[in-house]
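In full-length UniProt numbering, the protein residues as written are 1 to 139. Backbone N, C-alpha and C fix where the C-beta goes; we use that ideal spot for every residue, glycine too. Quick caveat: nothing in here was measured; it's all calculated off a predicted structure. Worksheet: one structure, shown below.
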Amino acid sequence: MKFYKNLVFISSFIYAINIYAKPIIYYCPTPEDFINENNKLIAITKYHQFEYTWLAQDITPSQFLEYPLTFKGANLVNCKDSLCDLECYYYSNIEGHLITSTMQSNQNISIYKYPNHYLQNFSCQYTEHVDCPFVVNVY
């Protein structure tokens, strides 16, 4: 009997935490948002009172520091069950290079496959960053 009381308590606690998830519309950073801090490209975005720090990576690094010049698109990646990460892609200042930046689902942020399914398979590309909005649940 005590086991079931604990189970009911834990279940209601988990349910209460999920009630307070706030879904917000979010966007990838603009190429201009990225700044060089200690040889790392970092962008800080804040939409709907939620601030997120993005770290950019060059897919094919060279000896020169790359900078994102043009937003290429966004895609859902690393999907496990209904949760995914979101990856933003940028063309670099060096021809043929791509720079990526990722928002990962974690205990504070959830990016669900639905309602963001339209981003899957890189279907949002060659537009402005505000043309690829996605929904993030913030706890």
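Name the residue from the options whose alpha carbon lies nearest to the alpha carbon of residue i.
i	options	result
Thr127	Pro23, Ile24, Pro29, Val77	Pro29
Val77	Met103, Tyr91, Phe71	Met103
Asn39	Ile24, Ile109, Pro23, Pro61	Pro61
Tyr89	Asn108, Glu37, Pro31	Pro31
Trp54	Lys113, Tyr26, Lys80	Tyr26
Pro115	Asp85, Val135, Cys84	Val135
Asn121	Phe50, Ile35, Cys79, Gln49	Cys79
Is the beta carbon of residue i sitting closer than 7 angstroms to the one on residue j?
i	j	result
Asp58	Ala43	no
Ala56	Tyr139	no
Asn75	Glu87	yes
Lys72	Tyr91	yes
Tyr110	Asn137	Sequence check: residue 110 is Ser here, not Tyr. It is a contact, given that the beta carbons lie within the stated cut-off.
Can you list, in chain order, the residues of its chain whose CB lies under 7 angstroms from that of residue i, leaving out five sequence neighbours each side?
i	result
Asn93	Glu66, Tyr67, Leu69
Phe64	Ile94
Phe13	Low confidence applies here, because Phe13 scores a pLDDT of 44, under 50, leaving its location unreliable and the question unanswered by this model.
Leu83	Ser105, Ser110, Ile111, Tyr112
Which residues bound the beta strand (DSSP E) around residue i?
i	result
Asn78	68 to 80
Thr102	98 to 103
Ala21	Here Ala21 belongs to no beta strand (DSSP E), and DSSP marks it neither H nor E.
Val138	134 to 138
Cys84	83 to 92
Tyr126	First-last for Tyr126: undefined, no H or E at that position.
Gln57	50 to 58
State buried or exposed for residue i, treating a residue as buried only when at least 16 other CB atoms are found within 10 Å of its CB.
i	result
Pro23	exposed
Tyr112	buried
His129	buried
His97	buried
Tyr4	A caution first: Tyr4 carries a pLDDT of 41, below 50, which makes its placement in the model unreliable, though a value can still be read off. Its Cβ having fewer than 16 others within 10 Å, Tyr4 is exposed.
Asn6	Unreliable placement is indicated for Asn6, whose pLDDT of 44 sits below 50; the coordinate value is still reported in the next sentence. Per the 10 Å Cβ criterion, exposed.
Ile35	exposed
Short of 6 angstroms in beta carbon distance, which residues of its chain neighbour residue i, apart from the five on each side in sequence? Order them along the chain.
i	result
Asn108	Tyr139
In chain order, what residues of the same chain have a beta carbon less than 8 angstroms from the beta carbon of residue i, not counting five sequence neighbours either side?
i	result
Tyr47	Ile24, Ile25, Tyr26, Tyr27
Leu119	Ala74, Asn75, Leu76, Leu86, Cys132, Phe134
Cys124	Gly73, Ala74, Asn75, Tyr118, Asp131, Cys132
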